[in-house]
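Peer 1: Below you'll find the structure I mean.
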Amino acid sequence: MRVLLNEEQLHAGVERLAVEIDRYYGKERPLTLVAVMTGSIVLFADLIRRLSMPQRVGVIGASSYRGGTKPGELTVDANMLFDVKGREVLLVDDIFDTGQTLSRLVAELQQQGAVSVKTAVLLHKHRQHEVSLRPDFVGFEIPDDFVVGYGLDYRDLYRNLPYLAVLTDQEIAATDRGEVATIVSRDSHE
Ligand code: 5GP
Ligand code: MG
Ligand code: MG
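Written out as structure tokens, the structure reads:
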């Protein structure tokens, strides 16, 4: 496991995102923040506490990886989300990869009557995107490697790591066999 962004770098990135979002929306009007489950949970908890405006906070489900490192069919689950009609919405996701997920979710929320739908992501992968949508707020540009930690999983593991790390092919194979890759110790990533 190779650390790409440590805790300190991640928190600085979230702070930058919060400053930009605050500047764009201002402090007065309520904003509806929607977390894309499950990868955005850690980012979301850190981000919403740094924003200044009144907030409505909800979640929406989207999954496309279904266990592997290559995207599969995308399923959206909006059953947990309250009515967003007439609301200004900011969708928050962990990473913008092909762009299929956010593109689909923006369309879904517009269809539900949101007056505006913007997107914020912690990570933006440097690769050929498959959609015309680009995220409005981005924490970090990263290379096209498979990353885990700070909310992002591989086979539902590693979301709790406080840093963002690249899994080696051997670690991916080991996880596929049901093993857990060695976690980087606190000392070596600080
Ligand atoms: P997109 O629809 O933009 O291709 O992919 C977005 C979703 O795919 C993200 O919300 C995330 O769940 C997953 N994803 C994309 N790249 C990575 C990655 O490098 N690591 C992990 N763990 N998930 C990823
Ligand atoms: Mg996701
Ligand atoms: Mg995943």
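What the sequence shown shows, in this note's numbering, is residues 118 to 307, in sequence order. Glycine included, C-beta positions come from ideal geometry on N, C-alpha and C. Since the structure is predicted, the reported quantities are computational estimates derived from the model, not experimental observations.
Who are the near neighbours of L191 in its chain, counting only those whose CB is closer than 8 Å to its CB and skipping five residues on each side?
Peer 2: One-based indexing of the sequence shown puts residue 191 at position 74. Excluding sequence neighbours, L191 sits near A179, S180, S181, Q217, T218, R221.
Peer 1: Would you say D214 touches ligand 1, meaning its beta carbon is less than 6 Å from a heavy atom?
Peer 2: Sequence index remark: in the sequence shown, residue 214 carries index 97 (1-based). Yes, the Cβ of D214 comes within 6 Å of a heavy atom of ligand 1.
Peer 1: Output the boundary residues of the alpha helix (DSSP H) element that contains S99.
Peer 2: With the chain running from 118 to 307 in the structure shown, residue 99 is simply not present.
Peer 1: Skipping 5 residues on each side, what residues in its chain have a beta carbon closer than 7 Å to that of R119?
Peer 2: To locate residue 119, count along the sequence shown from 1; it is residue 2. Here the set comprises A282, V283.
Peer 1: My output table needs one value for F254: the three-state DSSP class, helix, strand or coil.
Peer 2: For this step, residue 254 is matched to residue 137 along the sequence shown. Strand.
Peer 1: Determine which residues share a DSSP beta bridge with L281 and list them.
Peer 2: Position 164 of the sequence shown, counting from 1, holds the residue named residue 281. Answer is L122, bridged to L281.
Peer 1: Going by Cα to Cα distance, which pick from V206, D200, G268 is closest to G253?
Peer 2: Locating residue 253 in the sequence shown gives position 136, where the first residue counts as 1. Before going on, a small fix: residue 253 reads as Asp here, not Gly. Considering only alpha carbons, the answer is V206.
Peer 1: Let's test the definition: count the other Cβ atoms within 10 Å of the Cβ of V323 and tell me whether it reaches 16, buried, or not, exposed.
Peer 2: The structure shown does not extend to residue 323, since the chain is modelled only from 118 to 307, so the question has no answer here.
Peer 1: May I ask you to list the residues that DSSP assigns as paired with H320?
Peer 2: In the structure displayed, the chain extends from 118 to 307; residue 320 sits before or after that span and is not available.
Peer 1: Here's the rule: buried if 16 or more other CB atoms are within 10 angstroms of the residue's CB, otherwise exposed. What is R204?
Peer 2: As a working mapping, residue 204 is identified with position 87 in the sequence shown. Classification for R204: buried.
Peer 1: How would you call S98, buried or exposed, if buried means at least 16 neighbouring beta carbons within 10 angstroms?
Peer 2: The chain is shown only over 118 to 307; residue 98 falls outside these bounds and no answer can be derived.
Peer 1: Looking only at its own chain, which residues have a Cβ that is under 6 Å from the Cβ of V131, when we skip the five neighbours before and after it?
Peer 2: Taking the sequence shown and counting its residues from 1, the one referred to as residue 131 is at position 14. The beta carbon of V131 sits closer than 6 Å to the beta carbons of D163, L164 from its chain, once the five residues preceding and following it are set aside; these are given in chain order.
Peer 1: Sort out for me which residues DSSP pairs A195 with in a bridge.
Peer 2: If you number the sequence shown from 1, residue 195 lands on position 78. BP columns for A195 are empty, so no partner.
Peer 1: Nearest-angstrom Cα distance between D200 and T299?
Peer 2: The sequence position of residue 200 within the sequence shown is 83, counting from 1. The sequence position of residue 299 within the sequence shown is 182, counting from 1. One C-alpha to the other measures close to 43 Å.
Peer 1: Below 8 Å on the Cβ atoms is my contact criterion, and I expect T236 with L208 to pass it. Report the Cβ-Cβ distance as a whole number of Å.
Peer 2: Residue 236 sits at position 119 when you count from the first residue of the sequence shown. Residue 208 sits at position 91 when you count from the first residue of the sequence shown. 5 Å between Cβ atoms; contact.
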